[in-house]
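When the count follows our numbering, it moves up by one through the sequence shown with no breaks and lands on 488 for the last residue. Below is one structure, written out as structure tokens, with a few remarks after it.
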Amino acid sequence: MRSDPQESVKILFVAAEAAPLIKIGGLGDYIGSLPKALLEATQNHNTDIALDIRIAVPYTKMMDTRFLETTNVVSFLSQHGTEKNIFQVYATSFDSITYYILENKDLEEQQDVVYTADPSEDGEKFIAFSLACLDLMQHIGWRADIIHANDWQTGAICSALKKANHISPHKIKSVFVIHNLPYMGTGAEPFIQKYKISGAQGKAVPEWGKYLPLVVGIDNADQVITVSPRYAEEILTPQFGNDLQDYLSTKKKKIIGILNGIDDQIWNPETDSFIQKQFNSENMEARKENKVFIQQSLGFQIEPDIPLLVMVSRLDRQKGIRLLCDTLRHFKNEKWQAVILGTGSRDQEELVYALEKTFPDTVRFLNRFDSSFSHQLPAGGDIFLMPSLYEPCGISQMIAMRYGCIPIAHAVGGLVDSIDENEESRTGFLFHQPERDAFLGALEQAFQQYQKPLKWSKIQKRAMQKDFSWKKSAEEYLKVYRKLLRT
């Protein structure tokens, strides 16, 4: 493998968002964290691979202007089929990684926001951007060895790349990451055809899915990755396959799962400036001050020994909000307090407001985005609730454990991969059916353990000492890159 820096393996990450430039959801964190971890993994250790990583994102007016000290790199015409788009490209750098920002001068009206709710409205923007990333390499005199694409917004690049590889002596490999299978780009199919992108092939492809951008990406990528090992298995089943399970089963040899990580510098209870009292696994007495602070701030009765249940989440059906509210309504035999922080669809918010109205003394709904309390709640809460109906990875449970807040979660996706429910090595509690009785059973089990301070303290310490850094994930991605470069 190449070890000469002049022959570094060149990786181009292509995504709709990337922290710190623009972050809407978990994808932004992923793109802001994994490339940095990959560089650290290859620079700080004796490895057989050196990396030159660059990131391409579409311009949006929502970008954080604090990070927009950019250089005007190039302007070019991108033509695919009969469609033409002029792109202005800017570059900036963070953590030794170059970010290319591609502004589409012909689709300026689609650049106000990163995403709309309907891919029929912004699908063309993303497809044109994806294809322009191939043209970009030619115009900057830099050619990737591997393109690392993400979600339906960049599926088109895998198809165009496969076509280009047929006529180019320099074969570029492709990795396509599925962060959330149900988001397939439904509504953007006409733009796949408009830009002359080939549809997915094979008898197992449902007719309705042939031109879905996500399916096009899966079909043409050399390697498909989901964001946890368990989710890679789940998407092959009727329960989680979104009617693509038969098709995905024909591709299972190239589908693997790699668990996401968290930024352990941002999420560090020893140095976190957002929390009332910093602490570590050897100083858990200090942690109690964070719980009292939450109780005081939210007008709860101050009882350090009463279990404090917390949840930090966007509020939508996937997150099991109805199940959460139904379960807590029936959890009457124990004393507890609960705080739910998040925003989402109106119907889901109304469920939580109704729960707060039913339990005015014990439930607080913080219907807002709150950076400070998103740190404070896991730092002071006893139990973190994650009743997700499905969860490709999830990072909230990792953050909670790092702060000694023990998760109770539905046993799906990355929650299974990150939470240990074995009694001797326990770091949390899982329930295996998305039903009230199962959730109640896990709550009761956790409360029984909570009443035994020594046992609970051991669970907390084990959870806090788990390594959820991006370092482990980076090593797994390096294995993928090595394999692709050998074939």
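Cβ atoms here follow ideal geometry from the backbone N, Cα and C, with glycine treated the same way.
The ligand PLP heavy atoms versus the CB of SER426: any closer than 7 angstroms? This structure does not include the ligand PLP; it has no bound ligands of any sort.
What are the boundary residues of the beta strand (DSSP E) that VAL74 is part of? 72–81
For my contact list, LEU237 and LEU249 are in at a C-beta cut-off of 8 angstroms; report their separation, rounded to the angstrom. 5 angstroms
Look up MET399 in the DSSP assignment and say whether it is helix, strand or coil. helix
Proximity winner among SER470, SER397, PRO388, relative to GLY442 (alpha-carbon distances): It is PRO388.
Beta-carbon separation of ASP119 and GLY188 under 8 angstroms? yes
Going by beta carbon distance, what residues of the same chain come within less than 7 angstroms of PHE77, once the five residues before and after it are set aside? PHE88, ASP136, HIS140
Since I believe PHE448 is in contact with PRO308 (beta carbons under 8 angstroms), could you give me their beta-carbon distance rounded to a whole number of angstroms? 6 angstroms
Could you tell me the alpha carbon to alpha carbon distance between GLN240 and TYR91, rounded to whole angstroms? 43 angstroms
Among GLY142, LYS62, THR66, which one has its Cα closest to the Cα of ASN105? LYS62
From what residue to what residue does the alpha helix (DSSP H) around GLU84 run? Not the alpha helix (DSSP H): GLU84 falls in the beta strand (DSSP E), residues 84–95.
Residues in the same chain with beta-carbon distance under 6 angstroms from ASP152, minus the five sequence neighbours each way, listed in chain order, please. HIS180
Quick one: what does DSSP say PHE374 is sitting in, helix, strand or coil? In the structure shown, PHE374 sits in a helix (DSSP, three-state: H, G or I).
Are the CB atoms of PRO393 and HIS411 within a distance shorter than 8 angstroms? no
Taking the alpha carbon of SER121 as the reference point, which residue from LEU455, MET185, SER175, GLN377 has its own alpha carbon closest? MET185
Less than 8 angstroms between the beta carbons of LEU342 and LEU367, yes or no? Note that the C-beta distance between LEU342 and LEU367 is below 8 angstroms.
Under the DSSP definition of a beta bridge, which residues are partnered with ASP53? For ASP53, the beta-bridge partners assigned by DSSP are LYS11.
Between which two residues does the alpha helix (DSSP H) containing LEU441 stretch? 437–451
Mapping the DSSP letters down to three states, classify LYS174 as helix, strand or coil. strand
Are the beta-carbon atoms of GLY82 and LYS253 separated by less than 8 angstroms? Remark: C-beta atoms of GLY82 and LYS253 do not approach each other more closely than 8 angstroms.
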